[in-house]
Amino acid sequence: MLTPRRRRAQPQPGGAAVSEYIGIDLHKAKSFVTRVDQRGRVLEQVELRHATGEMQRYLEKVPGDTRIVVEATGNWMWLYELIEARHPDLILAHPLKTKAIASARIKTDKIDATTLAHLLRADLVPAAYLPPRAVRDTREILRFRASLVRLRTQVKNKIAAILSKNGIVTPTKTAF
0 MLTPRRRRAQ
10 PQPGGAAVSE
20 YIGIDLHKAK
30 SFVTRVDQRG
40 RVLEQVELRH
50 ATGEMQRYLE
60 KVPGDTRIVV
70 EATGNWMWLY
80 ELIEARHPDL
90 ILAHPLKTKA
100 IASARIKTDK
110 IDATTLAHLL
120 RADLVPAAYL
130 PPRAVRDTRE
140 ILRFRASLVR
150 LRTQVKNKIA
160 AILSKNGIVT
170 PTKTAF
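So for the sequence shown, numbering that gives the first Met the number 0 puts the first residue at 0; every next one is plus one.
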């Protein structure tokens, strides 16, 4: 009679065994969290609201040897920064590559979070590139500056159009 072999916990980058895996399907106001064990059994599925601090309270209770994956959506940064201090091996999943691996006909928050947790357990999460904090901050400042430059151009063009519409000619090529 053959007995099934037990899977060992996958080691973390630091060498310690992993006890659980968490997949987080992140949205603007809430997130859906699925926690699975080493064998892939779903231990917990919970919806957490961000405004009430539920996510932070939940994450404070997560053991340090738990691996966590979050899909890199438009609002991932605050959650990443909340988690990374306690769980430095947190993975930010590349959204397009994750969809290619785990495409499903039926998509719900619960299924997405569960899929992320199982992909993490199987070490199949395609990680997104995450630049260092200083680079992220610089990029954010540059993006904001670029948006201000575009806004300035829009305002100038609007003023020029209003002047032209009212027959006002400026003595120079531009009004500015």
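Ideal Cβ placement from N, Cα and C applies to all residues, glycine included.
{"query": "Beta-carbon gap between residue 232 and residue 117 smaller than 8 Å", "result": "Residue 232 lies beyond the range of the chain shown here (0 to 175); nothing can be said about it."}
{"query": "Nearest neighbour of residue 28, chosen from 41, 40, 39 and 46 [CA to CA]", "result": "46"}
{"query": "Neighbour flag for residue 88 against chain B, beta carbons, 8 Å", "result": "Here chain B cannot be found, since the structure has a single protein chain."}
{"query": "Whole-number beta carbon distance between residue 119 and residue 57, since they are thought to touch under 8 Å", "result": "That belief does not hold up - the Cβ atoms of residue 57 and residue 119 are roughly 17 Å apart, past 8 Å."}
{"query": "Residue 124 and residue 97 closer than 8 Å at C-beta", "result": "yes"}
{"query": "As assigned by DSSP and simplified to three states, the class of residue 40", "result": "coil"}
{"query": "Helix, strand or coil at residue 169 [DSSP, three-state]", "result": "coil"}
{"query": "Status (buried if at least 16 other CB within 10 Å, exposed otherwise) for residue 115", "result": "buried"}
{"query": "Paired residues, beta bridge with residue 33 - DSSP", "result": "22 and 44"}
{"query": "Residue from 17, 16, 18 and 33 whose Cα sits closest to the Cα of residue 107", "result": "33"}
{"query": "Residues of its chain near residue 160, where Cβ-Cβ distance is below 6 Å and the 5 sequence neighbours each way are ignored", "result": "none"}
{"query": "Three-way DSSP call (helix, strand, coil) for residue 154 in this model", "result": "helix"}
{"query": "Exposed unless 16 or more other CB atoms sit within 10 angstroms - verdict on residue 71", "result": "buried"}
{"query": "Cβ-based burial, residue 26 [other Cβ within 10 Å; buried from 16]", "result": "exposed"}
{"query": "Of the residues 48, 129, 42 and 17, the one placed nearest residue 31, counting alpha carbons only", "result": "48"}
{"query": "The beta strand (DSSP E) enclosing residue 92, as first and last residue numbers", "result": "90-92"}
{"query": "Beta bridge counterpart(s) of residue 70 as assigned by DSSP", "result": "92"}
{"query": "Local conformation of residue 133 per DSSP, three classes", "result": "helix"}
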